[in-house]
Amino acid sequence: MALRRNKITVVGAGFVGATAAHWAAAKELGNVVLIDIIEGMPQGKGLDLMEASPVEGFDADVIGTNDYADTANSDVVIITAGIPRKPGMSRDDLLNTNTNIVKSVTEQVAKYSPEAFLIIVSNPLDAMVYVAHQVSGFPTNRVMGMAGVLDSARFRTFIAMELGVSVKDIQAFVLGGHGDTMVPLPRYTTVSGIPIPDLMPQERIDAIVDRTRKGGGEIVSLLKTGSAFYAPSAACVQMAESILKDQKRILPCAAYCDKEYDVGGYYVGVPVMLGTGGVEKVIEIQLTAEEKAAFDSSVDAVKELVEIIKL
Ligand code: APR
7 MALRRNKITV
17 VGAGFVGATA
27 AHWAAAKELG
37 NVVLIDIIEG
47 MPQGKGLDLM
57 EASPVEGFDA
67 DVIGTNDYAD
77 TANSDVVIIT
87 AGIPRKPGMS
97 RDDLLNTNTN
107 IVKSVTEQVA
117 KYSPEAFLII
127 VSNPLDAMVY
137 VAHQVSGFPT
147 NRVMGMAGVL
157 DSARFRTFIA
167 MELGVSVKDI
177 QAFVLGGHGD
187 TMVPLPRYTT
197 VSGIPIPDLM
207 PQERIDAIVD
217 RTRKGGGEIV
227 SLLKTGSAFY
237 APSAACVQMA
247 ESILKDQKRI
257 LPCAAYCDKE
267 YDVGGYYVGV
277 PVMLGTGGVE
287 KVIEIQLTAE
297 EKAAFDSSVD
307 AVKELVEIIK
317 L
């Protein structure tokens, strides 16, 4: 087989999508196709990004399009199409609109790139991954959602700010659904191997956990006209990189769990190994009774949304 550059399609060329294209091109993960329903906008952003390549020195062709034929045979497709959350709007309010959008784009994506890995970003995340899985008919290892990498990045950021240490030394873990029901796990969260309960009082941990849970809402209330995009786009590109380079990184992602954690066939945030086989493994960790209860209520919230969608 002739070697070729990887091909990454980003559906939705808005804030998250365009910034994901930027990170992916700058990291030379492959050629990038930006697609949107708005005419001209993805073409303009694609060309603009391509024109940054001589300055930044990256070899990646970037194009924008409104035609799914241009996305054919993509290796990874990142789906960000949808409407973002407005101030005062919960992720779940987005449910109906984004279900229809994710359904229609997934049909097109699956038709033109039947072998692709799908990384869903559109909210409400856990429900949208479920939609993409149902509509594409792809095996579960090839359909996943970006939530945990973002949530744990927020957790890590706040710990670094609190302790005045490098973000690089902080490892953090969050489980469960994306949203107010996410379950940060302080006992698996360390600074260079030192668990954070040894480094800060419980009330500071509680405050940071609370801020992490509401991390998306904090950005929405500051921006007023949109939702977070730098960190979400960086997070989905990290997932794509782990797959495309077969890094086998262990990252928290929305992955299909049946017997795992007794979830019973839903997408929910769990630690997974991402490599050339996509979600190669769901890693099960021992949870305390309290953590398990928090995880279960997070799964219940996902189930409720999926019930409403009833595909
Ligand atoms: N096909 C392709 N693109 C679409 C479609 C569609 N059917 N419907 C909407 N879009 C595009 C819009 O035209 C817009 O350019 O999706 C893009 C979304 O971009 P933004 O409005 O800037 O939203 P963004 O901040 O990027 O968030 C996208 O990610 O984090 C989540 O909650 C967020 O669901 C939202 C998504």
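According to the numbering used here, the sequence shown holds residues 7 to 317 in order. For each residue, glycine too, the CB sits at the ideal point set by N, CA and C. All values derive from a computational prediction rather than experimental measurement.
- request: From the DSSP output, in three-state form, read off K265 for me.
  value: Coil, per DSSP.
message: Is T86 close to ligand 1? I mean its beta-carbon at under 8 Å from any heavy atom of the ligand.
response: Remark: the C-beta of T86 is in contact range of ligand 1, defined as less than 8 Å to any heavy atom.
- request: Could you pull the start and end residues of the alpha helix (DSSP H) that E286 belongs to?
  value: E286 -> not in any alpha helix (DSSP H); beta strand (DSSP E) instead, spanning 284-288.
message: Please tell me whether, using a cut-off of 8 Å, the distance from the CB of I14 to the nearest non-hydrogen atom of ligand 1 is below it.
response: Because no heavy atom of ligand 1 lies under 8 Å away, the Cβ of I14 does not count as near it: no.
- request: For V278, name the three-state secondary structure that DSSP assigns.
  value: Reduced to three states, the DSSP call for V278 is strand.
message: With H, G and I counted as helix, E and B as strand and the rest as coil, what does DSSP make of A19?
response: It is coil, neither helix nor strand.
query: Rounded to a whole number of angstroms, what is the C-alpha to C-alpha distance between E113 and G271?
result: Going by the C-alpha atoms only, they are around 22 Å apart.
query: Looking only at its own chain, which residues have a Cβ that is under 6 Å from the Cβ of V305, when we skip the five neighbours before and after it?
result: Residues of the same chain with a CB within less than 6 Å of the CB of V305, apart from the 5 flanking positions on each side, are V269, V274 in chain order.
field: S303 to P130 span [Cα, whole Å]
entry: Each residue's Cα considered, the two are about 16 Å apart.
field: Classification of Q244 by the beta-carbon crowding that lies within 10 angstroms, buried from 16 upward
entry: That one is buried.
- request: Evaluate N12 with the Cβ neighbour count: other Cβ atoms within 10 Å of its Cβ, from every protein chain shown; 16 or more gives buried, anything less gives exposed.
  value: Buried: at least 16 other Cβ atoms inside 10 Å.
query: Touch check for the segment 62-69 and the segment 102-122: three-plus C-beta pairs under 8 Å?
result: No, the segment 62-69 does not touch the segment 102-122.
- prompt: Taking 8 Å as the cut-off, does the CB of I41 come closer than this to any heavy atom belonging to ligand 1?
  reply: Result yes, Cβ under 8 Å from ligand 1.
task: Ignore the nearest five residues each way along the sequence and tell me which others in P190's own chain have a CB closer than 6 Å to its CB.
output: Cβ within range, chain order: F161, V180, V215, T218.
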